Amino acid sequence: MLTSASLPWEIFLNEQIGENLMSIPIMMIHRGYASYLIQTLNQAKYTNQESDIILLGDASNNFLNFIHHEKFDKYYVEAKKFEQVYVDKHMSPNSYSYELLCFQRWFIIKEFMQKNKIEQAVHLDSDIMTYTNFYNEYKKFEKFEYVFPTYSCLIKYDGIERICNHLMDFYTKPSLFEILKSIQEQKSLQLQQKNSCKQKIAGISDMTLLTLFRERNSDNVCTLPLDKIGLTLTKSSSEFDIPDSIYDTNINVSNGFEMHNGIKKIYWQDQQPFCRHLELDRKIKFNSLHFQGVSKKYINKYSTGSKSQVLFFNLKRMFNQGKNKLANF
């Protein structure tokens, strides 16, 4: 019997998806190595055991073979085309290389889905810890082509194709690029009016473009229930219509929830994270936690997956590092 090690990637993935219709592929893109990457991939696999977990990475993280690893430069044709139009249109205080990859990831995802005949998938930022089965979530939103937020999104191929066309259009058509320049000017003016804000020039990111995409394609896109609960709840008399579970936008930001030591205070129940909403005085289940910025150092404390697997791959990396040092001695 052929295994994933002996099958070409495309054949293996297509056979797996064909055999198991009760799952959805989950993808992360990550350049370089970060210690938390083992944790987030392990958590995604633990909570979605029937799904293919796919890391589109590079040589520095290809030892993480408990999931499917592919080098993202194999799917770089359209990403390279975007780079050629973006090179003199960078408008962000972030570094050129960082912002470029944020844009290029959508072209990489599109090309990967196209070449592997994947009709729908989940994309997670690599600093997301997930505690839900995404196939069950996908079924709730399957009529939509793209489900926001971008850091934890459900994608159909038609949706990602539209997004990539949208991104390319705004950087190749002068009239659309003028819209981006106008947005930057307006945001920069707002920053300058805030005396306490050190940053005086606003940035144009892929998030800017995707917000425009959402506004222009409202019939085909929607947003998962997020922790900005005050903005999404409707009030009828004294009753609130509260989602069964929500998704974290940023664990460093309260959005009305209880905080402790600068991050949301999490209560655990049956390996599910809950956080107390202060106004409602009610604990609400979180399907994911988003460890942006400095909070990444806490990721290992929020794992419900296999501790032994994480330990094994940490040791494997240390062994590989030692072997490389000896080879270069």
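In the working numbering, the protein residues as written are 1061 to 1389. All C-beta atoms, glycine included, are put in the ideal place defined by N, C-alpha and C. Predicted, not measured: the structure shown is a model, and the values here were computed from it.
* To do: Note down, in chain order, each residue of its chain lying with its Cβ closer than 7 Å to the Cβ of S1355, except the 5 sequence neighbours on either side.
  => Here residue 1355 refers to the residue found at position 295 when the sequence shown is read from its first residue. I1311, N1312 and I1323.
* Note down the Cα distance separating L1160 from I1168, rounded to an integer number of angstroms. => Translated into the one-based positions of the sequence shown, residue 1160 becomes position 100. Translated into the one-based positions of the sequence shown, residue 1168 becomes position 108. Per the coordinates, the alpha-carbon of L1160 lies some 12 Å from the alpha-carbon of I1168.
* Asked: Between which two residues does the beta strand (DSSP E) containing K1105 stretch?
  -> Here the question's residue 1105 lines up with position 45 in the sequence shown. Here K1105 belongs to no beta strand (DSSP E); instead the alpha helix (DSSP H) covers Y1096 to T1107.
* Asked: For P1303, which residues from the same chain have a beta carbon less than 6 Å from its beta carbon, with the 5 sequence-adjacent residues on both sides left out?
  -> Walking along the sequence shown from the start, residue 1303 turns up at place 243. Excluding sequence neighbours, P1303 sits near P1285.
* Where are the beta strand (DSSP E) runs, 3 residues long or more, that stay fully inside the segment 1168-1207, in chain order? -> 1180-1184 and 1188-1190
* Asked: What do you reckon, is the C-beta of H1090 under 7 Å from a heavy atom of the ligand MG?
  -> The model on display carries no ligand, and the ligand MG is accordingly not part of it.
* **Start and end residues, alpha helix (DSSP H) containing T1268** => Numbered from its first residue, the sequence shown carries residue 1268 at position 208. Taken as a continuous stretch (DSSP letters only), the alpha helix (DSSP H) holding T1268 covers D1266 to R1276.
* Asked: What separation, rounded to the nearest whole angstrom, lies between the Cα atoms of S1296 and E1339?
  -> Here residue 1296 corresponds to residue number 236 of the sequence shown, with the count starting at 1. Here residue 1339 corresponds to residue number 279 of the sequence shown, with the count starting at 1. Reliability of the predicted coordinates at S1296 is poor, the pLDDT of 45 falling under 50, and the value obtained from them is presented with this limitation in mind. Between S1296 and E1339, the C-alpha separation is close to 16 Å.
* Using a threshold of 8 Å, state whether the C-beta atoms of G1092 and D1112 are closer than that. => Sequence index remark: in the sequence shown, residue 1092 carries index 32 (1-based). Sequence index remark: in the sequence shown, residue 1112 carries index 52 (1-based). The Cβ atoms of G1092 and D1112 do not sit closer than 8 Å to each other.
* **L1291 to C1282 span [Cα, whole Å]** => Along the sequence shown, read from residue 1 onward, the residue named residue 1291 stands at position 231. Along the sequence shown, read from residue 1 onward, the residue named residue 1282 stands at position 222. Its pLDDT being 47, under 50, L1291 is placed unreliably in this model, and the value from its coordinates should be taken loosely. Taking the straight line joining both Cα atoms gives about 15 Å.
* Asked: Can at least three beta-carbon pairs, one atom from the segment 1192-1208 and one from the segment 1134-1150, be found at a separation below 8 Å?
  -> no
* Please classify N1225: does DSSP put it in a helix, a strand, or coil? => Counting from one through the sequence shown, the residue named residue 1225 turns up at place 165. It is helical.
* Asked: Just to confirm, are L1227 and V1182 a CB contact at a threshold of 8 Å?
  -> Walking along the sequence shown from the start, residue 1227 turns up at place 167. Walking along the sequence shown from the start, residue 1182 turns up at place 122. In this structure, V1182 does not lie closer than 8 Å to L1227 by Cβ.
* To do: Mind checking who P1333 pairs with in its DSSP beta bridge?
  => Residue 1333 sits at position 273 when you count from the first residue of the sequence shown. W1328.
* **Contacting residues, own chain, Cβ-Cβ under 8 Å from S1305 (five flanking each side not counted)** => Mapped onto the sequence shown, residue 1305 falls at position 245. The answer, listed in chain order, is T1192, P1285, I1344, K1345, F1346 and N1347.
* To do: Please name the residue in Q1180, I1261, G1316 and F1273 whose C-alpha comes closest to that of K1288.
  => Here residue 1288 refers to the residue found at position 228 when the sequence shown is read from its first residue. Of the listed residues, the one whose Cα sits closest to K1288 is G1316.
* Asked: The alpha helix (DSSP H) with E1138 in it runs from where to where?
  -> Taking the sequence shown and counting its residues from 1, one reaches residue 1138 at position 78. Run containing E1138: V1137 to Y1146, per the alpha helix (DSSP H) assignment.
* Asked: Out of I1223, I1114, H1337 and L1269, which has the shortest C-alpha to C-alpha gap to S1186?
  -> On the sequence shown, position 126 is the one that residue 1186 refers to. Closest option to S1186, Cα to Cα, is I1114.
* Is it right to say D1279 is buried, meaning 16 or more other beta carbons lie within 10 angstroms of its own, or is it exposed? -> One-based indexing of the sequence shown puts residue 1279 at position 219. Counting Cβ neighbours within 10 Å, D1279 comes out exposed, since fewer than 16 surround it.
* Asked: Roughly how many angstroms lie between the CA atoms of S1248 and S1265, to the nearest whole one?
  -> The residue labelled residue 1248 in the question sits at position 188 within the sequence shown. The residue labelled residue 1265 in the question sits at position 205 within the sequence shown. Approximately 14 Å between the Cα atoms of the pair.
* Is the Cβ-Cβ distance between I1239 and W1166 less than 8 Å? -> In the sequence shown, the residue the question calls residue 1239 occupies position 179. In the sequence shown, the residue the question calls residue 1166 occupies position 106. No.
* Asked: If we ignore side chains and look at the alpha-carbon of each, how far apart do T1364 and I1223 end up?
  -> Here residue 1364 is taken as the residue at index 304 of the sequence shown, counted from 1. Here residue 1223 is taken as the residue at index 163 of the sequence shown, counted from 1. For T1364 and I1223, the distance between alpha carbons rounds to 34 Å.
* CA-CA distance, S1251 and I1261? -> As a position in the sequence shown, residue 1251 is number 191, starting the count at 1. As a position in the sequence shown, residue 1261 is number 201, starting the count at 1. Looking at the sequence itself, residue 1251 is Leu, so the reference to Ser does not match. Cα to Cα, L1251 sits roughly 7 Å from I1261.
* Exposure label - E1079; buried when at least 16 CB within 10 Å -> Within the sequence shown, residue 1079 is the residue found at index 19, counting from 1. Caution is warranted here: a pLDDT of 48 is assigned to E1079, below 50, making its placement in the model unreliable, and the coordinate value is therefore given only provisionally. So E1079 ends up on the exposed side.
* Run of the beta strand (DSSP E) containing K1241, from where it starts to where it stops -> Stepping through the sequence shown from its first residue, residue 1241 is reached at position 181. Annotation for K1241: no beta strand (DSSP E) segment contains it, though the alpha helix (DSSP H) segment containing it runs P1234 to Q1253.
* Does the beta-carbon of T1190 have 16 or more other beta-carbons within 10 angstroms, so that it is buried, or is it exposed? -> In the sequence shown, residue 1190 corresponds to position 130, counting from 1. Flag for T1190 reads buried.
* Boundaries (first-last residue) of the beta strand (DSSP E) holding Y1307 -> Working through the sequence shown from its first residue, we reach residue 1307 at position 247. Taken as a continuous stretch (DSSP letters only), the beta strand (DSSP E) holding Y1307 covers S1305 to Y1307.
* Return the first residue and the last residue of the beta strand (DSSP E) that N1154 is part of. => Indexing the sequence shown from 1 puts residue 1154 at position 94. Where N1154 is concerned, there is no enclosing beta strand (DSSP E), given that its DSSP letter is neither H nor E.
* **Host beta strand (DSSP E) of L1349 (start-end)** => Taking the first residue of the sequence shown as position 1, residue 1349 is located at position 289. Per DSSP, L1349 belongs to the beta strand (DSSP E) from R1342 to H1350.
* To do: Under 8 Å by Cβ, that's how I've got K1105 and I1089 pegged, so tell me the actual separation to the nearest angstrom.
  => Within the sequence shown, numbered from 1, the residue matching residue 1105 stands at position 45. Within the sequence shown, numbered from 1, the residue matching residue 1089 stands at position 29. Going by Cβ atoms, the distance from K1105 to I1089 rounds to 17 Å, so no, they are not a contact pair.
* Could you name the residues of the same chain whose beta carbon sits closer than 8 Å to that of F1123, not counting the 5 residues immediately before and after it, in chain order? => Against the sequence shown, residue 1123 aligns to sequence position 63. Result list for F1123: F1373, K1376, R1377 and N1380, in chain order.
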